[in-house]
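Heads up: the structure comes next, in structure tokens.
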Amino acid sequence: MVDTPAKESLLATLDRVLRGTFLKPAQLTRGCIDAPVPRLIWLGLLLGGLYGIGLGSYSLFGGADQAFLQVLACACKVPLLFLLTLLVTFPSLYVFAALQRLPLDFRSTLRLLLLAILVHLAVLASLAPVFAFFAASTKSYAFMLLLNVAFFAVGGLLGFMVLRRATHSMFAHAEATLPPFPGDQPEMQGPPSLQIPRSPRHGEQARRVLRVWCLVYGVVGAQMGWLLRPFLGAPDLAFTLFRPREDNVFVGVMRAIASLLGR
Amino acid sequence: MIAQAAERLLRGDTDVTPSRRDCLVLGLTGSGVLGLALGATSGEPAMAVFAGIKVPLLLALTTVLCLPSFFVVNTVLGLRDDFPAACRGLLAAQAVLGLALGALAPGVVWMSLTVMDPYALTLLDGLVFALATWAAQQVLSRHYRPLIARDPRHRLALRGWLVLYVFAAVQLAWVLRPFRGTEGFAVQFLRPEALEQNAYLVLLEHLVRLFR
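Chains as they are written, first to last, in our numbering: chain A, 1 to 263; chain B, 264 to 475.
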């Protein structure tokens with residue numbers, strides 16, 4: 001049952017997402033996340049679109065070819081970037097999280113990730129004015145590209161923090177309230193069912209899996225962004241929805257740094 | 264009345280911080296005075312007026328640009344209930360920044376009369392802003408001390424604010440230049456190339472040239 005007032009505005013839902021209201025430890029331990037998925041998706045589209053407009057403003061201020069189309073494409077591509085990254089990485093997270101006996105089922109794991117992604121998008125959207133200001137006052141494509149990478153990294157770190165906090169409170173609450181895991185307490189009787197293991201060793205292992213998954217998510221997301229480029233729209237190139245596949249995001253970032261250093 | 268507010272702002276503890284209106288008046292007036300002093304050194308009245316508008320604009324616009332992300336970061340870190348207190352701290356710090364800039368204005372005039380090298384003057388202007396920022400930091404720490412004691416995550420939010428604020432302020436100051444006016448150049452509110460250069464890239468260019 002989703003605990004959302006019938007006439008709650010999108011802003012109020014966003015506020016609850018940012019405050020972490022949907023990730024109460026007691027509910028997490030039961031494997032239940034009461035978050036309104038359609039609203040979260042709408043919010044994701046809006047926030048992603050907002051940051052996309054901020055990104056597209058670089059071509060707008062630079063007078064690039066078909067700048068308005070570039071802004072529109074960016075506003076669509078930022079939410080698409082998150083959606084595709086989620087599609088690629090979610091199945092593996094679910095499998096490894098289940099192996100680590102995280103108490104979240106398929107739907108709840110998806111909701112947890114949606115909440116973390118929304119935090120990432122909200123941070124990006126809040127940085128959109130700063131990005132647009134730099135876009136208005138900077139000609140350098142390489143600088144703007146690196147600024148975008150930095151903003152994505154900051155948002156990603158805060159999104160990761162939400163995931164980490166959720167896993168932490170899941171295990172902390174479980175350690176305090178649930179019976180011990182049979183492997184650590186041989187005298188326990190009966191199957192472990194879907195309870196969270198009480199052993200701190202298991203908690204640490206699950207957190208390690210989550211950290212590795214976040215790293216994978218970051219790499220996949222970065223490369224997905226590279227595949228979906230252009231976001232900024234290089235000032236000397238004509239508008240195109242997607243560029244041909246070449247190199248990878250890390251080569252692109254290194255090239256941008258080299259260009260800034262004048263090499 | 265305003266003098267009393269300034270006194271309370273500088274000496275007092277967080278519970279006697281002046282009202283929002285007083286903080287705004289103090290900050291904008293102080294930074295406006297520094298702007299007037301900077302612009303007046305060119306000997307052009309119009310330049311003094313322009314700079315008198317641009318310095319307060321620099322402080323206000325930077326705050327407006329950075330506030331949305333500060334709000335989001337505070338909320339995500341679970342510090343939302345303390346957000347009004349954090350904002351009071353930021354406002355008090357901005358007011359002290361303006362006040363300190365205003366207080367340093369006579370020094371700026373004196374420097375302009377005694378230092379002839381424009382590059383040295385630019386460096387000294389940077390020093391003036393750094394000093395005023397240090398003063399603002401004292402008041403911000405005063406406001407943040409109880410918040411950090413209550414929840415150490417406030418330290419992270421504060422550091423994030425400072426990094427983004429300085430990052431945006433440097434570029435905005437570059438966009439809004441000239442503040443002093445340059446001999447031989449027409450008096451203008453913004454330079455024609457104001458929106459075409461990036462402060463960090465100019466700095467990087469100088470550094471690369473230095474090490475080559």
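Ideal Cβ placement from N, Cα and C applies to all residues, glycine included.
If you draw a 10 Å sphere on the C-beta of I265(B), you find fewer than 16 other C-beta atoms in it, and that means exposed. Secondary structure of A150(A) (DSSP, three-state): helix. Here L157(A) is exposed: its Cβ has fewer than 16 other Cβ atoms, across all protein chains shown, within 10 Å. DSSP places T85(A) inside the alpha helix (DSSP H), whose first and last residues are 67-99. Think of a sphere of 7 Å around the beta carbon of P129(A): the chain B residues whose beta carbon falls inside it are L328, P331, in chain order. Legend: CB atoms of the region 429-442 of chain B lying less than 9 Å from CB atoms of chain A belong to residues F430, A431, Q434, L435, W437, V438. Within the same chain, Cβ atoms closer than 8 Å to the Cβ of A206(A) are found at A97, Q100, R101, L102, T167, F171, the five residues on either side in sequence being excluded. S259(A) is outside the set of residues whose beta carbon lies under 7 Å from a beta carbon in chain B. At a cut-off of 7 Å between beta carbons, S169(A) makes no contact with chain B. Each of A136(A), L260(A), S169(A) was checked against the Cα of H469(B), and the nearest Cα belongs to L260(A).
In terms of CA proximity to L11(A), L40(A) leads the group R30(A), L23(A), L40(A), D34(A). Straight-line spacing of the CA atoms in R245(A) and L227(A) works out to 7 Å.
By the CB criterion at 7 Å, V438(B) and A457(B) fall inside the cutoff. An exposed status is given to P415(B), since fewer than 16 other beta-carbon atoms sit within 10 Å of its beta-carbon. Judged by beta-carbon spacing, F134(A) lies within the 7 Å limit of L147(A), meaning their Cβ atoms are closer than that value. Around the CB of L241(A), fewer than 16 other CB atoms lie within 10 Å, so the residue is classed as exposed. Where A135(A) is concerned, the enclosing alpha helix (DSSP H) starts and stops at 106-137. Comparing alpha-carbon positions, the option among F68(A), I117(A), S108(A) lying closest to L86(A) turns out to be I117(A). Interface flag for E456(B) against chain A is unset, since no Cβ pair is found closer than 7 Å. Here K7(A) is exposed, its C-beta having fewer than 16 other C-beta atoms within 10 Å. Identification of chain B residues near A136(A) by a Cβ-Cβ cut-off of 9 Å yields V438, L458, ordered along the chain. Pairing V450(B) with V296(B), the inter-Cα distance amounts to about 19 Å.
If you check the CB distance, L367(B) and V402(B) do not come in under 7 Å. DSSP, reduced to helix, strand and coil, places N461(B) outside both helices and strands of the structure shown, so it counts as coil. Interface residue (Cβ-Cβ distance to chain B less than 7 Å): S59(A) is not classified as such.
At a C-beta separation below 7 Å, V279(B) has no neighbours in chain A, since its nearest C-beta there lies roughly 31 Å away. G52(A) sits in a helix when the DSSP states are folded into three classes.
Taken atom to atom, the span from the alpha-carbon of F106(A) to that of T89(A) is near 13 Å. The residue from H417(B), R343(B), F442(B) with its alpha-carbon nearest to that of G389(B) is F442(B). Sequence-ordered contacts of the region 9-32 of chain A with chain B read D15, L18, R19, G20 [C-beta pairs closer than 8 Å]. Exposed is the label assigned to V251(A), since fewer than 16 other Cβ atoms lie within 10 Å of its Cβ. The DSSP-derived three-state label of K24(A) is coil. Of the residues assessed, F152(A) falls on the buried side of the cut-off, its CB having 16 or more other CB atoms within 10 angstroms. Spanning the alpha carbons of R19(A) and T396(B) requires a straight line of approximately 31 Å.
Taking 7 Å as the cut-off, the Cβ atoms of V372(B) and A300(B) count as close.
For S108(A), no CB of chain B lies under 7 Å from its own CB, so it is not counted at the interface with that chain.
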